[in-house]
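Numbering (my numbering), first residue to last: 301 to 494.
We put the CB at the ideal spot given by N, CA and C, even for glycine.
Here the structure is laid out as structure tokens; the discussion comes afterwards.
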């Protein structure tokens, strides 16, 4: 309980380096992470980045646990999404449907999470903006939203038994081939247009 004489400061966050509670006046945000003024000053004097060397490897190592690598990098929403996607894949596999599609998807997801955590931590360490492993485009391109809408429509049709899941499972490699061709075309176009 505070007295009327003692000012109350609301904590905005905690310093990523030393853990000191930060108020609106003392918080310094850098790449979405809070640091105190003392830590930022010491980083500048030592000529190093606020992220410590070796954190990228640690992020990759703990990224094996679903969502933890993203949380370690300060991306809490991404970490929650990793856990949700991992749980959805596990629940579909445990139901016994489409094992030929979802078991390889689970294996790919298990390898993706630590790789993505490592790449994000490495980019932040080097002072670059962290991007996803698969670049779905930016600006006016709407690839990611259209992909999600398409997947939602497919799963809705499956839910109402308008599409036979066994046929989709047998044809899922065609989706991987189409994605690979699309990525090659996009890369070729971006390299020819500097």
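Pair within 8 angstroms by beta-carbon distance, residue 359 and residue 367: no
Extent of the continuous beta strand (DSSP E) run through residue 329: 328-330
As assigned by DSSP and simplified to three states, the class of residue 460: coil
Enclosing alpha helix (DSSP H) for residue 470 [first to last residue]: 465-492
Coarse secondary structure for residue 313, derived from DSSP in three states: strand
Residue 366, DSSP secondary structure in three states: coil
For residue 334, the residue or residues it bridges with in DSSP: 329
Whole runs of the alpha helix (DSSP H) within the region 368-410, excluding any shorter than 4 residues: 368-372 and 376-395
Environment of residue 481 [buried if 16+ CB atoms lie within 10 Å]: exposed
6 angstroms CB neighbourhood of residue 392 in its chain, flanking five on each side removed: 402
Distance between residue 390 and residue 475 (C-alpha atoms, nearest Å): 21 angstroms
Bridge partners - residue 322, DSSP secondary structure assignment: 313
Member of 397, 395 and 382 whose CA lies at the smallest distance from the CA of residue 408: 382
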